[in-house]
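Residue numbers (my numbering): 11 to 196. Have a look at the structure below before the remarks.
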């Protein structure tokens, strides 16, 4: 504590009064630091090509800074926040995690993500390559040709439209006049 602060707090009777006074003087700085750390965390996105270890160390530092300044973030929320910052390359890992709902710490998560990164880095897997686009709903006139064994220029055979079934009205049978289905007796 500096000499100026010591002189200012000599008149306080208990350490509790000194702590309260210091909190009043410097309390807003911790709130601002906590807000800045959470803002940096929420705006942080993993860039393509950035190693997961480097990214996770940055995220863990932001979370530690926020918690050191009074933020209370439970483990499940921390994991959700981490998943929000990951690139699309880790979508498969996130889906697997969501299915298994395995509880883990941030360091365990970092190890799992590194293992995932190493597995798919060698195989050349990229999440963008597995995205499919919906086809056009407009029929293509060139596709009307029959395909298969006879690759001639015959137009494809049209399939008849399914017949609409007409419901027949069921007659109510008087139980006294009804016959047995198996033996034919009344």
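Glycine included, each C-beta is placed from N, C-alpha and C at the ideal position. Everything numeric in this text was worked out from a predicted model, so none of it was measured.
Check: Out of 71, 79 and 65, which has the shortest C-alpha to C-alpha gap to residue 197?
Finding: Because residue 197 is not part of the residues shown, which for the chain are 11 to 196, the question remains open.
Check: Does DSSP put residue 190 in a helix, a strand or coil?
Finding: Here residue 190 refers to the residue found at position 180 when the chain shown is read from its first residue. Coil at residue 190, not helix or strand.
Notebook entry, point to check: Thinking C-beta only, is residue 126 closer than 8 angstroms to residue 93?
Noted result: Stepping through the chain shown from its first residue, residue 93 is reached at position 83. Stepping through the chain shown from its first residue, residue 126 is reached at position 116. No, Cβ-Cβ distance for residue 93 and residue 126 is not below 8 angstroms.
Item checked: Limits of the alpha helix (DSSP H) - the one that residue 94 falls within -> Translated into positions along the chain shown, residue 94 becomes position 84. Start and end: 85-95.
Notebook entry, point to check: Helix, strand or coil for residue 105 per DSSP?
Noted result: Position 95 of the chain shown holds residue 105. In the structure shown, residue 105 sits in a helix (DSSP, three-state: H, G or I).
Next item on the list: Mind checking which residues open and close the alpha helix (DSSP H) that includes residue 74?
Entry: As a working mapping, residue 74 is identified with position 64 in the chain shown. Element bounds for residue 74: 62-78.
Next item on the list: Just the C-alpha distance for residue 103 and residue 130, rounded to the nearest angstrom, thanks.
Entry: Position 93 of the chain shown holds residue 103. Position 120 of the chain shown holds residue 130. Approximately 11 angstroms, taken between the alpha carbons.
Checklist line | Beta-carbon proximity of residue 95 to residue 56, cut-off 8 angstroms | finding: Counted from its first residue, the chain shown places residue 95 at position 85. Counted from its first residue, the chain shown places residue 56 at position 46. Yes.
Check: Per DSSP, what kind of secondary structure is residue 52 in: helix, strand or coil?
Finding: Along the chain shown, read from residue 1 onward, the residue named residue 52 stands at position 42. Residue 52 falls in the helix class under three-state DSSP.
Check: Is it true that the CB of residue 76 sits closer than 8 angstroms to the CB of residue 48?
Finding: As a position in the chain shown, residue 48 is number 38, starting the count at 1. As a position in the chain shown, residue 76 is number 66, starting the count at 1. Going by C-beta atoms, residue 48 is nearer than 8 angstroms to residue 76.
Check: What's the gap between the Cα of residue 113 and the Cα of residue 32?
Finding: By 1-based counting over the chain shown, the position of residue 113 is 103. By 1-based counting over the chain shown, the position of residue 32 is 22. If I take the Cα positions, the gap works out to 39 angstroms.
Check: Alpha carbon to alpha carbon, what distance is there between residue 105 and residue 62?
Finding: As a working mapping, residue 62 is identified with position 52 in the chain shown. As a working mapping, residue 105 is identified with position 95 in the chain shown. Their backbone Cα atoms lie some 17 angstroms apart in a straight line.
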